[in-house]
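Report on the following structure.
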Amino acid sequence: MKDKDSTPAWYVVHTRPKCEHIAAALMGGLENVEVYCPRIRFQKSTRRGKVWFVEALFPSYFFARFIPIESLRAVKHSQSVIKVVDFGGTLTPVPDSVIAALKMEMKDEEVREVHVGVKVGDTVELTEGPMRGLKGIVNAMLTGAERVRVLLEFLGRENAVEVPLSKILTEHKPRAVVASR
Numbered sequence: 012m013k014d015k016d017s018t019p020a021w022y023v024v025h026t027r028p029k030c031e032h033i034a035a036a037l038m039g040g041l042e043n044v045e046v047y048c049p050r051i052r053f054q055k056s057t058r059r060g061k062v063w064f065v066e067a068l069f070p071s072y073f074f075a076r077f078i079p080i081e082s083l084r085a086v087k088h089s090q091s092v093i094k095v096v097d098f099g100g101t102l103t104p105v106p107d108s109v110i111a112a113l114k115m116e117m118k119d120e121e122v123r124e125v126h127v128g129v130k131v132g133d134t135v136e137l138t139e140g141p142m143r144g145l146k147g148i149v150n151a152m153l154t155g156a157e158r159v160r161v162l163l164e165f166l167g168r169e170n171a172v173e174v175p176l177s178k179i180l181t182e183h184k185p186r187a188v189v190a191s192r
């Protein structure tokens, strides 16, 4: 019996895709197991318009704090869990300081709302209208009704088009927005 197997520590748990929060909630019901599953909520333009999404900050992973000698078997066999991440068959704990820093970055919220903004110079794609699917570069942010001017190249030349923010897709990823703050 190793000493580290008998002390509580944070470990990374690998789950089935899109099941992180379900597995974490079920595992949270286990005795002497603490879970942390940071998620982000963001709005994204789709063909149906703007839609809110909630996803795990780390897709298919979350953190669990437990004593391996007591709870490893129950954790490994929880619903939607693939495995507890190890290296060469040895469980590697995540330092408490890393979890604390992550909680601070998430502002101590389980679900953090992230705003993926658009700025001049960004590459965007139009999602509606006759020019749907065309990509261009944001040339200017316009006042009123949240509009932008986009430079599109079609018919052999560049054309400026004014469109509402709700009708464009940005290439910014919500997880990158969290990491850059």
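Positions in the sequence shown are counted from 1; adding 11 to them yields the numbering used here.
Beta carbons: idealized from backbone N, C-alpha and C, even for Gly.
Check for me: the beta strand (DSSP E) holding residue i runs from which residue to which?
| i | result |
| --- | --- |
| P175 | R168 to P175 |
| L68 | Premise fails: L68 is in no beta strand (DSSP E) and is neither H nor E. |
| E157 | Here E157 belongs to no beta strand (DSSP E), and DSSP marks it neither H nor E. |
So, are the CB atoms of residue i and residue j less than 8 Å apart?
| i | j | result |
| --- | --- | --- |
| T134 | K146 | yes |
| Y47 | F69 | no |
| V122 | V65 | yes |
| A34 | S91 | yes |
| V125 | I51 | yes |
| S89 | L37 | yes |
| D16 | P79 | yes |
| A151 | R143 | no |
Identify the residues that DSSP records as bridge partners of residue i: which are they?
| i | result |
| --- | --- |
| E136 | K146 and L180 |
| D119 | According to DSSP, D119 bridges with nothing at all. |
| A151 | R160 |
Give the C-beta separation of residue i and residue j to the nearest angstrom, bearing in mind that I take them to be a contact with Cβ-Cβ under 8 Å.
| i | j | result |
| --- | --- | --- |
| V24 | V109 | The pair is not a contact, with the Cβ atoms about 15 Å apart (cut-off 8 Å). |
| P49 | M117 | 5 Å |
| A171 | L162 | 6 Å |
| E173 | L153 | 6 Å |
| R76 | E45 | 4 Å |
Ranges of the beta strand (DSSP E) found wholly within the segment 23 to 102, counting only runs of at least 3 = 45 to 47, 50 to 57, 60 to 67, 72 to 77 and 92 to 95
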